[in-house]
Amino acid sequence: MRGFIPGALRAWLGDDLQEWATVLRSMSVLFIGVSGLDYTSPDALQRLQHVFTSTQEMIYRYEGSMNKLAVDDKGTILLAMFGAPPLAHADDAVRATQAACDILAMATAQGLSMAIGVATGPVFAGPVGSMQRREYTVMGDAVNRAARLMAAAGPGDIRCDFATVRDAHRVLAFDTLPPVRLKGKTGLARVYRPTGLAHPQASREHTLVGRHTELAQLTAALDAVQAGQPRLVVIEGAVGMGKSCLLEAFVQRARARAVASLSGAGHSSERQTPYRAWREVFNAYFSLGGADGPAERRRLVQTQLAACAPECMERLPLLNDLLGTEFPETSLTAALDTERRYQGREALLIELLCHRLAAGPLFLVLDDAQWMDTGSWGLVGAVAHAVRTARLPLGMVLSMRPIERAERPAELPVLAALGSLETLSLTALTPEDTVALAAAQLGLPVSALPEAVAQLIGERADGNPFFAEEIVLALRDRGVLDVTEEAGQRSCVLQGDITDATLALPDTVQGVILARLDQLNPEEQMLLRVGSVIGRSFPYQTLRAALMPYIRMGDVDMKSRLELLADLDLTSQEQPDPHLQHAFKHLITREVAYGTMLFAQRRELHRRVAEWYEAQYKLTEVGSGTVSPTTLPRAEIINLLAYHYQQAGDTERERRYAALAGAMAAAGFANTEALLLVD
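And the structure:
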């Protein structure tokens, strides 16, 4: 029976995870209609078999999948798909269109007529049916659109939708045809016909060499801060353009000059948690990384402040929400209303940073600023204003994806008005630097990278650093590149024909990651999927609790698989045992893993994660009136519960925790977040 089970299902069936074999991902779908066969002739079956096997060979040549063959009163229909697991490629639109052209040419040579429709878009792929009979199928608007395009094409022709042309136009040329009305669709649809390979375009000129120019600009800011002048730099760049790597290089350079830095980041799931981006900054300030519980955190904070800023001791309860210290209220803090408490907290944080400057210049580094809450942005503005007014040696570097003008935080123009804001925009690397980056990922000098691989990366990475790294890792994972080390010298050998390897490589960052994820076994894919629901960082205990109903795996095995994912550079270990925690190495890896799941699967996992948090913090009685606000955990946990229940579709519990979070935000004078939460 194994030969009759689709490859996408075999591994999942073997691990008893068939319910998780369903995916939601972008695919390119072919609907092929065969005409010109005389079904009454003696050789009809033989000819049909020949057509089917020839079509199958061409589909497989481009690493697609055959899904259906149907013969009815409308003729013979074949359904093929490109992008079904485990064969994901970001150039699936190119592969599907090229396969359609080859199939049409084959049919014409055999005296048959075919009409082919090609459509690209999100598709459900997985088993459907009952326990008695099930089949693996694809469903979605792209499937329906491909069928309609086949009907519109007519015998001997191919029709493609706009999404296919958009994804394939760099490789293939298309004629734009008059818009048509497709059955079941409102309005007119744009349709296209493939005509062959696209004309090669002149390569774009790049003015940058690596990131040396940007690093030099950051170094100039470092020089200014060392000279006692405050600086603020914002780095903007698209996904994968190397913002985090540039920040790391800058921090290393600052460290080499004995200039301290404190780092934090915004988080997509905690955009309404006040000061979330500053939590890591002040955790590092007080060396709270290894602190176990509020009591230990209080001790560390008190010890440091008693030595350097004893005048701040009476205001320590203002740090409770930020640091999880649970200091008892003093007579001073207990008398503050919400507005004065907010102002007092902001003033205290700035005062603490100023105390730190007594030891020398300091840089604050905030990554993923596009996800910072208004409180975090407000503190950025307040710190910038304070240090500029007092001419203090403090610099700030913020890294962020480009934000639409209408959504840009109000603090950015205010910071620009201060005259201390400098913006760096990261653009694509040159082909030479792209290749050098890929070689470095394997620990190789550029000269050791096979020329064919260097050419492939230069052509396909399109100057995206993350993409270049992922391509070379994908080649390594597939066994195409063999990296060895002898006598301290690393070398690289190309195994097989690079042309064959190229066929298996995707063209976009998302596609590269999806192709790599498809190479993992089901258990490892499940670890990443569940981790993506928890967040960019996922504690081991949370991950294990959410996985337990689906995977029977011991601690040793699960931790071993997490180590493997780290070895593959998909994740990294943030904290060791006993507080083991991993994180996605790149945010987009989390986004791709999350995006492969069906909405129902995501909702189920979000619910499990939320219920785990409830059990851990003994919050199952929240809303019944038996829990006092003084017994609640930190605001970040309440915000996480509201977020996970929102994603789980549990409106009642979402509102319950959002109301609690709103009350806690209002108590801290985070009025914007409070309004958002209770709205």
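Read left to right, the sequence shown gives residues 1 to 679 (UniProt numbering).
From the three backbone atoms N, C-alpha and C, an ideal C-beta is built for every residue, glycine too.
Report yes or no: do three or more beta-carbon pairs, one from the region 121-137 and one from the region 41-54, lie closer than 8 Å?
no
Assuming the contact rule is C-beta atoms closer than 8 Å, GLY117 and LEU149 should be a hit. Round their C-beta distance to whole Å, please.
Position 117 of the sequence shown holds residue 117. Position 149 of the sequence shown holds residue 149. At roughly 3 Å, the Cβ-Cβ gap stays under 8 Å, so GLY117 and LEU149 are in contact.
Should GLN556 be labelled buried (16 or more other beta-carbon atoms within 10 Å of its own) or exposed?
Reading the sequence shown from its first residue, position 556 is the one you call residue 556. At residue 556 the sequence reads Val, which differs from the Gln that was named. By the 10 Å Cβ count, VAL556 comes out exposed.
What is the DSSP secondary structure of LYS68, reduced to helix, strand or coil?
Taking the sequence shown and counting its residues from 1, one reaches residue 68 at position 68. Here LYS68 sits in strand by DSSP.
Less than 7 Å between the C-beta atoms of PRO522 and LEU17, yes or no?
To locate residue 522, count along the sequence shown from 1; it is residue 522. To locate residue 17, count along the sequence shown from 1; it is residue 17. Yes, they are a contact pair.
With 16 other Cβ atoms within 10 Å as the buried cut-off, status of SER560:
As a first step, residue 560 must be located in the sequence shown, where it is residue number 560. With fewer than 16 Cβ atoms within 10 Å of its Cβ, SER560 is classed as exposed.
Please identify the residue among GLU326, ALA663 and MET558 whose C-alpha is closest to the C-alpha of LEU300.
For the purposes of this step, residue 300 is taken as residue 300 along the sequence shown, with counting starting at 1. The shortest C-alpha separation from LEU300 is found at GLU326.
Distance CB(LEU348)-CB(PRO230) smaller than 7 Å
The residue you call residue 348 lines up with position 348 of the sequence shown. The residue you call residue 230 lines up with position 230 of the sequence shown. No. Outside cutoff.
Beta-carbon spacing of VAL397, ILE350 below 7 Å
Walking along the sequence shown from the start, residue 397 turns up at place 397. Walking along the sequence shown from the start, residue 350 turns up at place 350. Contact: no.
Name, in chain order, the residues that DSSP records as bridge partners for ASP482.
Locating residue 482 in the sequence shown gives position 482, counting from the first residue. In DSSP, ASP482 forms a bridge with VAL493.
Contact set for SER113: own chain, Cβ-Cβ below 8 Å, skip 5 residues either direction:
The residue given as residue 113 occupies position 113 in the sequence shown. Counting only Cβ-Cβ distances below 8 Å, and skipping sequence neighbours, we find VAL34, SER35, GLY36, ALA107, PRO155 and GLY156.
TYR192 lies in the beta strand (DSSP E); which residues open and close that run?
Numbered from 1 along the sequence shown, position 192 holds the residue referred to as residue 192. First-last of the beta strand (DSSP E) with TYR192: 189-197.
Leaving out five residues on either side along the sequence, give the residues of the same chain with a beta carbon under 7 Å from the beta carbon of PHE162.
As a first step, residue 162 must be located in the sequence shown, where it is residue number 162. ARG190.
Per the DSSP calculation, PHE538 is bridged to which residue(s)?
As a position in the sequence shown, residue 538 is number 538, starting the count at 1. Paired residues: HIS582.
Would residue 738 be called buried (16 or more neighbouring beta carbons within 10 Å of its own) or exposed?
With the chain running from 1 to 679 in the structure shown, residue 738 is simply not present.
Per DSSP, which residues does VAL233 bridge with? Please list them.
The residue given as residue 233 occupies position 233 in the sequence shown. Looking at the DSSP assignment, VAL233 forms a beta bridge with VAL397 and GLU422.
Secondary structure of GLN510, DSSP reduced to three states
In the sequence shown, the residue the question calls residue 510 occupies position 510. Here GLN510 sits in helix by DSSP.
Using the Cβ count rule (16 or more neighbours within 10 Å means buried), how would you classify PRO445?
The residue labelled residue 445 in the question sits at position 445 within the sequence shown. Exposed, since its Cβ has fewer than 16 Cβ neighbours within 10 Å.
Just the Cα atoms here: how many angstroms apart are ALA288 and VAL365?
Position 288 of the sequence shown, counting from 1, holds the residue named residue 288. Position 365 of the sequence shown, counting from 1, holds the residue named residue 365. It is Leu, not Ala, that sits at residue 288 in the sequence shown. Going by the C-alpha atoms only, they are around 18 Å apart.
What are the uninterrupted segments assigned as alpha helix (DSSP H) that are 4 or more residues long and contained completely in the region 304-380, given in chain order?
320-323, 331-334 and 338-356
Using the beta-carbon count (16 or more within 10 Å), is GLN510 buried or exposed?
Mapped onto the sequence shown, residue 510 falls at position 510. By the neighbour-count rule (16 or more Cβ atoms within 10 Å), GLN510 is buried.
Roughly how many angstroms lie between the CA atoms of GLU214 and LEU424, to the nearest whole one?
For the purposes of this step, residue 214 is identified with residue 214 of the sequence shown, where counting begins at 1. For the purposes of this step, residue 424 is identified with residue 424 of the sequence shown, where counting begins at 1. Looking at the two C-alpha atoms, the distance is approximately 7 Å.
Sort VAL533, GLY240 and ALA416 by Cα distance to THR434 and report the nearest one.
Within the sequence shown, residue 434 is the residue found at index 434, counting from 1. That would be GLY240, whose Cα lies nearest to the Cα of THR434.
For the region 512-572, list the beta strand (DSSP E) runs that are entirely contained and at least 3 residues long, ordered along the chain.
537-539
Backbone secondary structure at GLN646 - three-state DSSP:
Your numbering for residue 646 matches position 646 in the sequence shown. In this structure, GLN646 counts as helix in the three-state DSSP scheme.
With SER447 as the anchor, note down where its alpha helix (DSSP H) starts and where it stops.
Reading the sequence shown from its first residue, position 447 is the one you call residue 447. Segment: none, SER447 is in no alpha helix (DSSP H) and carries neither H nor E.
Minimum C-alpha distance to LEU30 - residue among THR120, GLU63 and GLY126:
Here residue 30 refers to the residue found at position 30 when the sequence shown is read from its first residue. Answer by Cα proximity: THR120.
Measure the alpha-carbon distance for SER624 versus GLU611 and round it to whole angstroms.
The residue given as residue 624 occupies position 624 in the sequence shown. The residue given as residue 611 occupies position 611 in the sequence shown. Model confidence at SER624 stands at a pLDDT of 48, short of 50, so the residue's coordinates are unreliable; what they give is reported in the following sentence. One C-alpha to the other measures close to 16 Å.
Measure the beta-carbon distance from GLN370 to GLY237 and round it to whole angstroms, keeping in mind my assumption that it falls under 8 Å.
For the purposes of this step, residue 370 is identified with residue 370 of the sequence shown, where counting begins at 1. For the purposes of this step, residue 237 is identified with residue 237 of the sequence shown, where counting begins at 1. Not a contact, Cβ separation roughly 11 Å.
PRO179 - containing beta strand (DSSP E), residue span:
Position 179 of the sequence shown, counted from the first residue, corresponds to residue 179. 172-180 is the extent of the beta strand (DSSP E) around PRO179.
Excluding sequence positions up to five away, which residues of its chain have a Cβ less than 8 Å from the Cβ of GLN581?
Position 581 of the sequence shown, counted from the start, is the residue given in the question as residue 581. So the qualifying residues of the chain are SER537, PHE538, PRO539, TYR540, GLN573, GLU574 and GLN575.
May I have the straight-line CA-CA distance separating ARG255 from SER261, to the nearest angstrom?
Numbered from its first residue, the sequence shown carries residue 255 at position 255. Numbered from its first residue, the sequence shown carries residue 261 at position 261. C-alpha separation (whole angstroms): 8 Å.
Taking Cβ positions, are ARG193 and LEU172 nearer each other than 7 Å?
Sequence index remark: in the sequence shown, residue 193 carries index 193 (1-based). Sequence index remark: in the sequence shown, residue 172 carries index 172 (1-based). No, the pair does not count as a contact, with Cβ atoms beyond the cut-off.
For the alpha helix (DSSP H) containing ILE588, name the first residue and the last one.
Along the sequence shown, one-based indexing puts residue 588 at 588. Segment 587-595, the alpha helix (DSSP H) holding ILE588.
Using the beta-carbon count (16 or more within 10 Å), is THR571 buried or exposed?
Residue mapping note: residue 571 aligns to position 571 of the sequence shown, counting from 1. So THR571 ends up on the buried side.
Just curious, the alpha helix (DSSP H) that PHE466 is in, first and last residue?
For the purposes of this step, residue 466 is taken as the residue at position 466 of the sequence shown. Taken as a continuous stretch (DSSP letters only), the alpha helix (DSSP H) holding PHE466 covers 465-477.
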